[in-house]
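When you read off a place in the sequence shown, starting at 1, and then add 399, the result is the number in the numbering used here. Glycine included, C-beta positions come from ideal geometry on N, C-alpha and C. In this text, all values refer to a predicted model and were calculated from it rather than measured experimentally. The structure appears right after this line, and notes come after that.
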Amino acid sequence: MGKRVLTIAGIIAVIGIIGAIITANIYRTRQPGGLSVKAARVEKRDLTTTILTTGRVELAGEQEVTATTAGQVAAVLVQPGDRVTNGQTLIRLEAPDLADKVREAEAAVEVARANLAKAKEGARPEEVTAAQIAREQAGVNLAEAQKKLERTRELAAAGAVPAADLEAAQNEVARQKLQVAEAEAKLQALTAGPRPGDIAALEAQLHQAELAATAAREQLAGTTLVAPIKGTVLEVTARVGQWVTPGTTLLRVGDPATMQIRANVAEADSGNLQPGQAVAITGRAFWSTTYQGKVARAALAAVTRQSHQSSETTVEAVIALAGPAPLLKPGYSVDLKVTIASKPQTLTVPFEAVQEEKGQRYVYRIVDGKAQKVVVQTGLENELYIEVTAGLQAGDQVILNPTDKIQDGVTVKPEGEKQ
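This is how it looks when you write it as structure tokens:
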């Protein structure tokens with residue numbers, strides 16, 4: 400019972416306190432001085448609008464050196480930090496079978512070239528003579544076979560030889576006729592010269608052999624990897640004894656003089672991004688130093704990246720440095736402030752003074768101790784101030800963060816002005 404009495408008493412006490420607070424507020428609002436408000440003056444100042452984002456330092460001229468042929472790493476001739484010249488040997492691979500492959504391919508080229516040359520020259524006189532003799536000999540052999548067939552046929556008619564002998568004599572005549580035909584064809588081929596189709600086929604064989612030889616030489620050349628550009632060795636992943644295949648990255652080379660920053664700008668800010676805009680660059684590795692740069696280019700299309708719970712749409716931008724930046728290193732994460740617009744000595748009000756209703760912006764100006772609602776036209780803005788292009792004049796006093804109690808004509812009392 401005692402606890403219940405105490406609880407009721409506590410509730411009554413709380414209600415009393417709330418009532419006292421409400422009474423005090425009502426009293427204050429009815430004071431002759433009016434509602435207490437925070438205020439600020441409309442004044443001219445340099446106004447700059449910026450985009451804040453982050454980026455990563457990279458080398459614009461960075462290139463990877465990759466294996467173009469399979470082999471075992473025999474020697475690594477550089478290490479990270481070494482300066483190299485274009486064409487300098489960096490890594491050597493070992494692939495003994497490639498040298499044999501080159502010799503075989505080059506020999507095949509010589510054979511194909513000789514066959515083509517022989518075909519273009521045509522038959523030599525001695526080859527034609529030999530063909531003529533072969534044709535004549537084939538004719539003699541045919542005549543003898545025909546005479547033998549006639550004798551065998553007479554003997555067979557008289558029953559002096561078996562029928563098999565007659566059949567054999569007939570077959571021999573047929574074989575000799577074939578020999579005559581072959582000898583005649585060979586002689587005609589030799590005396591007619593090379594056919595265009597044969598020359599074309601031999602030329603194609605030579606071209607194919609040359610391509611194979613070129614590919615073999617390129618494979619052999621791929622065992623010596625050279626620097627693609629003049630610059631600095633950034634990373635070496637190759638190790639002596641390592642077996643590599645085509646496409647394996649062995650090291651990276653870049654020129655520190657080509658440093659740039661790649662950043663992703665939020666979709667909401669990307670519409671204001673333009674090449675040439677000034678960029679202030681800061682970072683954790685060089686807090687006391689600010690480097691200057693400019694927007695070199697912005698991507699023509701946005702990219703949306705999905706995460707487990709949300710998605711983010713950004714536009715990629717590349718920032719070029721305006722001068723030397725000795726403290727920057729490839730891979731650093733940096734903070735960027737991009738200046739998208741700037742006006743000197745333009746009329747401004749604090750961000751907290753501007754309200755918006757139904758697409759129309761307004762402020763409460765203090766005139767003769769009373770709040771006066773004024774519709775304003777605005778221009779540039781940043782996180783602190785908004786440019787006023789119409790509706791106010793320099794020196795006007797406006798209310799900051801007006802509450803629902805502030806209405807047109809309400810008496811107000813400024814507590815102090817924002818500087």
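DSSP-derived helix/strand/coil call for residue i
i: K500; result: helix
i: L565; result: helix
i: G819; result: Absent from the structure is residue 819, since the part of the chain shown begins at 400 and ends at 818.
i: P801; result: coil
i: R429; result: Because the pLDDT of R429 is 46, which lies under 50, any placement of that residue in the model is unreliable, and the question is left without a value.
i: S687; result: coil
i: T447; result: strand
i: S435; result: strand
i: Q462; result: strand
i: L586; result: helix
i: R651; result: strand
i: D597; result: helix
i: Q744; result: strand
i: D481; result: coil
i: A519; result: The amino acid occupying residue 519 in the given sequence is Lys; Ala does not appear at that position. Of the three classes helix, strand and coil, the one that applies to K519 here is helix, per DSSP.
i: G630; result: strand
i: L783; result: coil
i: I534; result: A small fix is needed here, since residue 534 is Arg in this sequence, not Ile. Helix, per DSSP.
i: L791; result: coil
i: R491; result: strand
i: L727; result: coil
i: I420; result: In this prediction, I420 has a pLDDT of 49, which is less than 50 and means its spatial position is unreliable; what the coordinates show is noted afterwards. I420: helix per DSSP, three-state reduction.
i: E550; result: The identity of residue 550 in the sequence shown is Arg, whereas the question assumes Glu. Note: R550 maps to helix in three-state DSSP.
i: R764; result: strand
Proximity of residue i and residue j at Cβ, strictly below 8 angstroms
i: A459; j: L799; result: no
i: V579; j: L619; result: no
i: I739; j: I490; result: no
i: T453; j: A662; result: yes
i: A695; j: V717; result: yes
i: S435; j: K812; result: yes
i: V809; j: V441; result: no
i: D445; j: Q744; result: yes
i: K772; j: Y761; result: yes
i: P674; j: A698; result: no
i: A530; j: L565; result: no
i: A793; j: Q776; result: no
i: A719; j: K742; result: no
i: A504; j: A612; result: yes
i: T712; j: E666; result: yes
i: G682; j: D734; result: yes
i: I515; j: L605; result: First, the residue type needs correcting, since residue 515 is Leu and not Ile in the sequence shown. Yes, the Cβ-Cβ distance between L515 and L605 is below 8 angstroms.
i: A544; j: A555; result: no
i: V702; j: R616; result: no
i: R455; j: G730; result: yes
i: T622; j: A494; result: yes
i: I628; j: Q462; result: yes
i: A568; j: K547; result: yes
i: E583; j: R552; result: no
i: L601; j: A506; result: no
Where residue i falls, given that 16 or more other Cβ within 10 Å makes a residue buried
i: R550; result: exposed
i: L650; result: buried
i: I785; result: buried
i: P801; result: buried
i: T428; result: Only weak support exists for where T428 lies, its pLDDT of 43 falling under 50; the coordinates are left without a value.
i: Q536; result: exposed
i: Q607; result: exposed
i: L726; result: exposed
i: I532; result: exposed
i: S732; result: exposed
i: T422; result: Bear in mind that a pLDDT of 47 at T422, under 50, signals an unreliable position, so the number given afterwards is only what the model happens to contain. Label assigned to T422: exposed.
i: A599; result: exposed
i: G370; result: Nothing in the structure corresponds to residue 370, since the chain is present only between 400 and 818.
Integer Cβ distance of residue i from residue j, believed to fall under 8 angstroms
i: A487; j: A626; result: Per the sequence shown, residue 487 should be read as Gln rather than Ala. With a Cβ gap of about 5 angstroms, Q487 and A626 count as contacting.
i: V678; j: V652; result: Rounded, the Cβ-Cβ distance is 27 angstroms, inconsistent with contact.
i: V350; j: V635; result: Look at the range of the chain in this structure, 400 to 818, and you will see that residue 350 is not part of it.
i: V472; j: V639; result: 5 angstroms
i: V714; j: R764; result: Their Cβ separation, rounded to whole angstroms, is 39 angstroms, which puts V714 and R764 out of contact at 8 angstroms.
i: L746; j: V787; result: 5 angstroms
i: Q676; j: E457; result: Contact flag wrong, Cβ pair sits at about 20 angstroms.
Closer than 7 angstroms: residue i CB and nearest the ligand SAH heavy atom
i: R683; result: Here there are no bound small molecules, and the ligand SAH is not part of this structure.
CB contact check: residue i to chain B, cutoff 8 angstroms
i: E571; result: Absent here is chain B; the protein component of the structure consists of one chain.
**Q.** the stretch 458–475 in contact with the stretch 747–763 per 3-pair CB rule at 8 angstroms
**A.** In this structure the stretch 458–475 does not touch the stretch 747–763; the number of beta carbon pairs closer than 8 angstroms is below three.
Q) How about the stretch 705–716 and the stretch 683–690: do they share at least three Cβ pairs that are nearer than 8 angstroms? A) The stretch 705–716, when compared against the stretch 683–690, does not touch it at the 8 angstroms Cβ threshold.
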